[in-house]
Amino acid sequence: MRRSLPLPNEILQSIAKYIAYAPKLRAELLPLSVANWQLRRICLPFLFANIKISHDEDAAKLEEHLALCAKFTKTLRIGRRGSLTEGGDKIISRTVPQFEQLFDVKLPGCRDRTDLLKTILAHPTITSVSVNEIPDVSMCDHDLSKGMTLTCLKLEIDCIDGQLESRNFPGLEAIELEMLSEFVSFSWLASFSSAHPTLNELSLLEIEQDLFGWHDAPPFLSSLAGEIRRRSLNGRFEIWELRLRRSELVGQSTQEWHVVTLALKTITSSIETLTLFASSFPQLETLTLSLGDLEEMFDADVLASVLARFSSLEVIYLENIYGRVTLKPDIEKLPPIQRDDTADTPSEFRAYVESEILTIISRLVKQAKSLDSVHIEDTGYEYDDSDDAPGSWDIEGWLRVLNGNRDIGGELVNQL
């Protein structure tokens, strides 16, 4: 039998709870739960933190495990009508009122499921309801009049119509838009923002089209779009996520939308593109930069000088930088955070990759003074002298600035 960990159950429970409710980490909960009997007992309830109901059979299991779900479930994803019958919806309607911590529900096709939607909207702890259709105005107004506060509205952009400008959601703080349509208009945004003084976050997710190819670009991107067309940068990068915050800038009396999170993939002209974004998004706090499809290489110090232009940048997610961001030959490399005692070639190679990445990040944070944290996600192949197929490796983890000298520390998971 595997030994228990030398930590109090309260601490392990807090760790399990954090993993369960963190979208990027929750997949790690299941393997953690089978590590030993102690973690299994602690993690098991949190395996019910995020539930997806795709079929009637899932709805039946939800009711069967109601005691655990009612206590621990926080997010609920409900399948479309067709995969779920009216009977499945009725089971969900019976169980949802008993959930104690549920705050986020996704319900597609809600126009045909008004009874289920009413049950969800009446729940006292639910603050976020994601739909792909705007529900009946009178039905929502009835529930809102009873004191329910909708803090986050999630919609597919092509489901927005004239109704939205006339709607009012007291206390609304955020809108998340899935950008799945080729024809997008933001003509509603100004009046809707004015009618909702508490609205301060706007997220554009799953962007599948060229935001900067439009002649009618969103107001917060219009000047940048013109500059990108003038420089012929279209097609040299892809953006899949933008998050904006509404705030006042110094010297302004009105609130404007400003980009604070950007996720993009660069293909060519990376330095020119990033330089333009730095001047256009002075309040950018979080940047995801994917170089997996990059058709060029550039020096780490050049990248560092560009990132230093993002004066508010605090967190950066870097994907696939190894072999694409380079170091000058005379630069002394940092040692790996965790050395592998074995002397076989794959281990030496992985140590070399980690050393290269650490040195790159060290040079980035030395110049980008506002940067606090860097997340690394890199993958590749290594070869040896045999005829065997190459083995894949993955390096992932967080690196953080430790002190005034801007040294870095953290942990990189290095797997073959």
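Read in order, the letters of the sequence shown are residues 383 to 798 in the working numbering.
All residues carry an ideal CB built from backbone N, CA and C; glycine is no exception.
Beta carbon of residue i nearer than 9 Å to that of residue j
{"i": "residue 670", "j": "residue 644", "result": "yes"}
{"i": "residue 791", "j": "residue 757", "result": "no"}
{"i": "residue 619", "j": "residue 648", "result": "yes"}
{"i": "residue 736", "j": "residue 718", "result": "yes"}
{"i": "residue 511", "j": "residue 490", "result": "no"}
{"i": "residue 685", "j": "residue 658", "result": "no"}
{"i": "residue 664", "j": "residue 629", "result": "no"}
{"i": "residue 366", "j": "residue 534", "result": "No answer is possible for residue 366: it lies beyond the span of the chain, which begins at 383 and ends at 798."}
{"i": "residue 755", "j": "residue 716", "result": "no"}
{"i": "residue 646", "j": "residue 682", "result": "no"}
{"i": "residue 746", "j": "residue 698", "result": "yes"}
{"i": "residue 441", "j": "residue 470", "result": "yes"}
As assigned by DSSP and simplified to three states, the class of residue i
{"i": "residue 453", "result": "helix"}
{"i": "residue 752", "result": "coil"}
{"i": "residue 681", "result": "strand"}
{"i": "residue 738", "result": "helix"}
{"i": "residue 431", "result": "coil"}
{"i": "residue 733", "result": "helix"}
{"i": "residue 779", "result": "strand"}
{"i": "residue 655", "result": "helix"}
{"i": "residue 747", "result": "helix"}
Contacts around residue i, its chain only, beta-carbon distance under 7 Å, and the 5 residues preceding and following it disregarded
{"i": "residue 426", "result": "415"}
{"i": "residue 428", "result": "398, 399, 402, 411 and 454"}
{"i": "residue 475", "result": "497, 498 and 501"}
{"i": "residue 568", "result": "600 and 601"}
{"i": "residue 450", "result": "427 and 430"}
{"i": "residue 713", "result": "741"}
{"i": "residue 575", "result": "581 and 628"}
{"i": "residue 550", "result": "577"}
Own chain residues within Cβ distance below 6 Å of residue i, not counting five before or after
{"i": "residue 760", "result": "702, 704 and 777"}
{"i": "residue 459", "result": "434 and 488"}
{"i": "residue 480", "result": "452"}
Per-residue burial, residue i [other beta carbons within 10 Å of its own, 16 or more giving buried]
{"i": "residue 412", "result": "exposed"}
{"i": "residue 507", "result": "exposed"}
{"i": "residue 536", "result": "buried"}
{"i": "residue 467", "result": "exposed"}
{"i": "residue 639", "result": "buried"}
{"i": "residue 461", "result": "buried"}
For residue i, the first and last residue of its enclosing alpha helix (DSSP H)
{"i": "residue 605", "result": "604-612"}
{"i": "residue 468", "result": "468-477"}
Residue span of the beta strand (DSSP E) that contains residue i, given as start and end
{"i": "residue 571", "result": "Run containing residue 571: none in the beta strand (DSSP E); it sits in the alpha helix (DSSP H), 571-577."}
{"i": "residue 645", "result": "638-648"}
{"i": "residue 670", "result": "668-672"}
{"i": "residue 443", "result": "Note, residue 443: premise wrong, no beta strand (DSSP E); alpha helix (DSSP H) at 438-446."}
{"i": "residue 621", "result": "619-629"}
Cβ-based neighbour list, residue i, same chain, cut-off 8 Å, excluding 5 preceding and 5 following
{"i": "residue 688", "result": "653, 656, 657 and 660"}
{"i": "residue 667", "result": "642, 643, 694, 695, 696 and 697"}
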